[in-house]
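Notes follow the structure.
Chains as they are written, first to last, in our numbering: chain A, 1 to 180; chain B, 1001 to 1281.
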């Protein structure tokens, strides 16, 4: 009897502990740079994310070299000349979710992600809008569209290609998170 | 439990994040050639590459009259395609001796860093078969195969750091026909090459072929240049004592001598075309 009680308490503790964390290993990130001269876009599907449902803190991280472009040469230049991804291999956004969201209750919630965006080794405070959809099965989908400015992160764009790379780059994120 | 700090969250993320993938050295060289010498670089999978090469007249041949050789140019063009990331093949035509060639490059190892075993170098095998189509002037009957020569190179390169890359390549050129009995049909050498990045888009380059059993009255080819990258193109400008661009000729049959001023201004322009794009949306 004592043993059973102990086991069920342990099990309960594990359950409630794991229910605090939502995890994604297949976060999709897409960016789009639009100019009259050239459109550039790339995406990745292996971003990782973590949300603490109790404190509403979050962390999202991508490997810069995971971004796949239409043109291999663009991808090489992106990594070698602009993002310097050998030196700065990761992009990171961490912070806290503000606004009403109940991760245990099905529904769609409009929230703000307030945090620090680290790209190209350079921190930048950012607040971005997002929607969080909680399904009946407890699946949590976070979607967001926001703008990144290369200049905000000290990404140098030489005058030769200044007409080909947008000053504001649209980023779309879709992250499906599950209880870990 | 509610006192979860963000740094803990970050540590937890590291725990769930897949282990850092192997980082492969990329852009060891800007071009698939260093100058005359092939580099370990291949166009990406699904990408075709067009290269135009020019070698102008000698700088010591009536330089003002010929505008430093610009009035007399040799030209090469080639197209190649990579069906997969480790294989590239193509064909070209060089105006020197009106030479046609077919070539292939196969990459075997990639320099990498990260978990597990890492190769310290990128290696590739390069081979080229040429057909010279100018008429024979010796009055003898010839087989078609007399026109052919074959080049084999084992390319070994290392990106030492972001700026400096070095390459060494044992080289064999087999000539089906040689001019004199003293000449060997199999001519050997060791090709050396390197690049040093000056800025993100500009690099100094050099290549040299040290020949083991050279033919008389020919010289080791030495080229020095700069690579300039402008988005879709790579421009390679250089000075070289080798005017021919077909491999057996620039490697083993270079009459020009740097010390006598037999120097040729030249350039290669590279343009890539994506035939098959990866899933990028």
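The beta carbon of each residue, even a glycine, is placed where N, CA and C say it ideally should be.
What separation, rounded to the nearest whole angstrom, lies between the Cα atoms of residue 109 of chain A and residue 173 of chain A? Counting from one through the first chain, the residue named residue 109 of chain A turns up at place 109. Counting from one through the first chain, the residue named residue 173 of chain A turns up at place 173. Cα to Cα, residue 109 of chain A sits roughly 16 Å from residue 173 of chain A.
Cross-chain neighbours of residue 1231 of chain B in chain A, by beta carbon under 9 Å: Mapped onto the second chain, residue 1231 of chain B falls at position 231. Contact note: residue 1231 of chain B reaches chain A through 38, 73, 74, 77, 160, 161 and 164, using a C-beta cutoff of 9 Å and chain order.
Selection from A/38, A/121 and A/98 that minimises the alpha carbon distance to residue 161 of chain A: On the first chain, position 161 is the one that residue 161 of chain A refers to. The shortest C-alpha separation from residue 161 of chain A is found at A/38.
Taking the C-alpha atoms as reference points, what is the distance between residue 167 of chain A and residue 156 of chain A? Walking along the first chain from the start, residue 167 of chain A turns up at place 167. Walking along the first chain from the start, residue 156 of chain A turns up at place 156. Cα to Cα, residue 167 of chain A sits roughly 11 Å from residue 156 of chain A.
Strictly by DSSP, which residues pair up with residue 1185 of chain B? Reading the second chain from its first residue, position 185 is the one you call residue 1185 of chain B. According to DSSP, which records beta bridges pairwise, residue 1185 of chain B is partnered with nothing at all.
Go through the segment 1116-1195 of chain B residue by residue and report every complete run of the beta strand (DSSP E) that reaches 3 residues or more, in order. Fully enclosed beta strand (DSSP E) runs of 3 or longer: 1122-1132, 1148-1159 and 1164-1175.
Just the Cα atoms here: how many angstroms apart are residue 1002 of chain B and residue 179 of chain A? Your numbering for residue 1002 of chain B matches position 2 in the second chain. Your numbering for residue 179 of chain A matches position 179 in the first chain. Because residue 1002 of chain B carries a pLDDT of 41, less than 50, the predicted location of this residue cannot be relied on, and the following value inherits that uncertainty. Near 17 Å, if we compare the C-alpha coordinates of residue 179 of chain A and residue 1002 of chain B.
Residue range of the unbroken beta strand (DSSP E) whose run includes residue 30 of chain A: On the first chain, residue 30 of chain A is found 30 positions in, with the first residue counted as 1. Unbroken beta strand (DSSP E) run through residue 30 of chain A: 21-34.
Among the candidates A/123, A/43, A/177 and A/158, whose CA atom is the shortest distance from the CA of residue 95 of chain A? Position 95 of the first chain, counted from the first residue, corresponds to residue 95 of chain A. Considering only alpha carbons, the answer is A/123.
Beta-carbon proximity list for residue 1175 of chain B, same chain, < 6 Å, skipping 5 on both sides: Within the second chain, numbered from 1, the residue matching residue 1175 of chain B stands at position 175. Counting only Cβ-Cβ distances below 6 Å, and skipping sequence neighbours, we find 1149 and 1185.
Is the segment 1198-1216 of chain B touching the segment 1040-1047 of chain B in the sense that three or more CB pairs, one from each, lie closer than 8 Å? Contact fails: fewer than three Cβ-Cβ distances are below 8 Å.
So, do the segment 69-76 of chain A and the segment 1011-1025 of chain B have three or more beta carbon pairs nearer to each other than 8 Å? Between the segment 69-76 of chain A and the segment 1011-1025 of chain B, the count of Cβ pairs shorter than 8 Å is below three; the stretches do not touch.
Within a Cβ cutoff of 6 Å, which residues of the same chain sit near residue 1257 of chain B, ignoring the five residues on either side of it in sequence? For the purposes of this step, residue 1257 of chain B is taken as the residue at position 257 of the second chain. If we look at residue 1257 of chain B and ignore the five residues flanking it on each side, its Cβ neighbours are 1219.
So which residues on chain B does residue 63 of chain A lean against when the C-beta distance must stay under 8 Å? Position 63 of the first chain, counting from 1, holds the residue named residue 63 of chain A. The contacting residues are 1020 and 1021.
Say whether chain B places a C-beta atom closer than 7 Å to the C-beta of residue 118 of chain A. For the purposes of this step, residue 118 of chain A is taken as the residue at position 118 of the first chain. Cβ-Cβ to chain B under 7 Å: no for residue 118 of chain A.
Do residue 1281 of chain B and residue 1050 of chain B count as a contact pair if the criterion is CB distance below 7 Å? One-based indexing of the second chain puts residue 1050 of chain B at position 50. One-based indexing of the second chain puts residue 1281 of chain B at position 281. Inclusion of residue 1050 of chain B and residue 1281 of chain B in the CB contact set at 7 Å is not warranted, their separation being larger than that value.
With DSSP as the reference, label residue 77 of chain A as helix, strand or coil. What you label residue 77 of chain A is simply residue 77 of the first chain in a count that begins at 1. Three-state DSSP puts residue 77 of chain A in a helix.
Out of B/1055, B/1273 and B/1163, which has the shortest C-alpha to C-alpha gap to residue 1030 of chain B? Counted from its first residue, the second chain places residue 1030 of chain B at position 30. Of the candidates B/1055, B/1273 and B/1163, the one whose C-alpha sits nearest the C-alpha of residue 1030 of chain B is B/1163.
List the residues of chain A that residue 1227 of chain B touches, going by C-beta distances under 9 Å, in chain order. As a position in the second chain, residue 1227 of chain B is number 227, starting the count at 1. What residue 1227 of chain B touches in chain A: nothing, since even the nearest Cβ is about 13 Å away.
Using 7 Å as the limit for Cβ to Cβ distance, is residue 155 of chain A near chain B? Within the first chain, residue 155 of chain A is the residue found at index 155, counting from 1. So, not an interface residue.
Under the assumption that residue 20 of chain A contacts residue 52 of chain A (Cβ atoms under 8 Å), give the Cβ distance between them as a whole number of angstroms. Taking the first chain and counting its residues from 1, one reaches residue 20 of chain A at position 20. Taking the first chain and counting its residues from 1, one reaches residue 52 of chain A at position 52. Distance from residue 20 of chain A to residue 52 of chain A at the Cβ level is roughly 6 Å; contact confirmed, criterion being Cβ atoms closer than 8 Å.
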